[in-house]
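J.: Sharing a structure, written as structure tokens. Questions coming.
This is the structure we're talking about:
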């Protein structure tokens, strides 16, 4: 159950629109649900963390993903599946006609809060980094954040990213997705005040070692405070950005209180 749904339920009880016993029955639903012997769904994750469990599609069959998503949709009203292959996307689209499938991101999304602009920009070094960046954008969308995009501004033509300096400077969080030498997050980190989350990708020739070279470059960034995710982990970068935004909201709430 999402926190906003639980809050609406409690407010309805306070207004006398929902009997307390009915609300108690809904809140008393088991927090963990077994699915056909292959999954254990954590339905209370959204209450604890503010975001529901997300389905990692890689390694699962299409039928398993559909079965899991049926339970998530019934309890939470929607779902997000990452690393969904062609067969899984097709099966989910057939079962949930209202779902949004993104072949480039390899994601399928249904429901979720309305997306609003909260000052997150996703930057790619090259066009080949777009699949990871789109996974990041889709994850943010599922979390209620409409992200901006700045594409193909790698350091091979550094004037391209410098031309975007005003856009980047206005961002609360900048997510930088880059392969090859992985130098772009250091450049961005030296230009902006907001948080920078770096995502190394497996794009590059042999000595890039499937993303290990840009990962090490980003970990050794001379721009202070750059955060680094795992290789190709656009999902993790999106959640990190969302947590940063949530922390800012909590701090403002405490200060105003």
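Numbering (this note's numbering), first residue to last: 5 to 261.
Virtual Cβ for every residue (Gly too), placed ideally from N, Cα, C.
#1: Look up residue 122 in the DSSP assignment and say whether it is helix, strand or coil.
#2: Taking 8 Å as the cut-off, decide whether the C-beta atoms of residue 69 and residue 96 are in contact.
#3: In angstroms, rounded to a whole number, what distance separates the CA positions of residue 119 and residue 82?
#4: Comparing C-alpha positions only, which one of 65, 57 and 125 sits nearest to residue 196?
#5: Would residue 179 pass as a contact of residue 207 if the rule is Cβ separation under 8 Å?
#6: Counting C-beta neighbours from all protein chains within 10 Å, is the total for residue 189 16 or more, i.e. buried, or is it exposed?
#7: Using only the alpha-carbon positions, how far apart do residue 59 and residue 85 sit?
#8: Flag this pair as touching only if the segment 138 to 157 and the segment 239 to 252 have three or more C-beta atom pairs under 8 Å; answer yes or no.
#9: Taking 8 Å as the threshold, find out whether the segment 106 to 115 comes into contact with the segment 159 to 167 through three or more Cβ pairs.
#10: So, helix, strand or coil for residue 189, using DSSP?
#11: Pick helix, strand or coil for residue 172, following the three-state DSSP scheme.
#12: Exposed or buried, which one is residue 73 when buried takes at least 16 other CB atoms within 10 Å?
#13: Kindly indicate which three-state DSSP category residue 65 falls into: helix, strand or coil?
#14: Can you tell me the Cα-Cα spacing of residue 93 and residue 111, whole angstroms?
#15: Which residues does DSSP list as the beta-bridge partners of residue 60?
#16: For a test of the three-state rule: what should DSSP assign to residue 21, helix, strand or coil?
#17: For residue 229, tell me which candidate among 193, 166, 150 and 39 has the shortest Cα-Cα distance.
#18: For residue 216, collect the residues of the same chain with a Cβ closer than 6 Å to its Cβ; drop the 5 residues on either side in sequence, then sort them by chain order.
#19: When the Cα atoms are used, what is the spatial distance from residue 154 to residue 25?
#20: From the DSSP output, in three-state form, read off residue 258 for me.
#21: Using a Cβ-Cβ cut-off of 6 Å (strictly less than) and excluding sequence neighbours within five positions of residue 219, which residues of its own chain qualify?
T.: Walking through what the data contain:
#1: coil
#2: yes
#3: 14 Å
#4: 125
#5: no
#6: buried
#7: 5 Å
#8: yes
#9: no
#10: helix
#11: helix
#12: buried
#13: coil
#14: 8 Å
#15: 86
#16: coil
#17: 193
#18: none
#19: 50 Å
#20: Per-residue confidence for residue 258 stands at a pLDDT of 49, beneath the threshold of 50, marking its modelled position as unreliable; the derived number appears in the next sentence. It is helical.
#21: 204 and 235
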